[in-house]
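Here's the structure, in structure tokens; my notes come after.
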Amino acid sequence: MKRLILLMGLFMTLPSWAEESLAEPPRLPEPQQSREALEPEVTIVETSKGTVHEYRANGQLYMVKIVPRVGAPYYMIDTNGDGEMDAREDDIRSVSTPQWVLLRW
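The numbering of the sequence shown is the numbering used here, which starts it at 1299 and goes up by one.
As structure tokens, then:
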């Protein structure tokens, strides 16, 4: 019985003798742009029907948030990257559909 207790005590101390060698973490890359360049430019235009928020990155329009006086706000997104919100009546596939936020967490 004493032998069993001695062996158990020995086995319990083995993990403390184990050597853990951790590799040095890799260096972080230098930031490419300043923080100001990463933030979008937002232009807010007040109209009689509501408010329009234009979001631009590097001077190019990519999203518009429309907050009407009555109703829920919705978003229009530039789908092809030319900086203009596209709406064509002859081609139903390329219509820029308004988008509403249903849930936010």
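For glycine and all other residues, C-beta sits at the position ideal for the given N, C-alpha and C. Please read these numbers as outputs of a predicted model, since none were measured by experiment.
- The secondary-structure analysis by DSSP pairs Lys1347 with nothing; it has no beta-bridge partner.
- One alpha carbon belongs to Val1365, the other to Glu1322, and they sit about 51 Å apart.
- Residues of the same chain with a CB within less than 6 Å of the CB of Thr1341, apart from the 5 flanking positions on each side, are Glu1352 in chain order.
- Distance between Val1343 and Leu1401, taken at the CA atoms: about 26 Å.
- The three-state secondary structure of Arg1402, taken from DSSP, is coil.
- Straight across, the Cα-Cα distance linking Gly1357 with Glu1339 is about 8 Å.
- Excluding its 5 nearest sequence neighbours in each direction, Tyr1372 has C-beta neighbours in its own chain below 7 Å: Ile1364, Pro1396, Gln1397, Trp1398, listed in chain order.
- Distance from the CA atom of Met1374 to the CA atom of Trp1403, rounded to whole angstroms, is 21 Å.
- Collapsing the DSSP output to three states places Met1374 in a strand.
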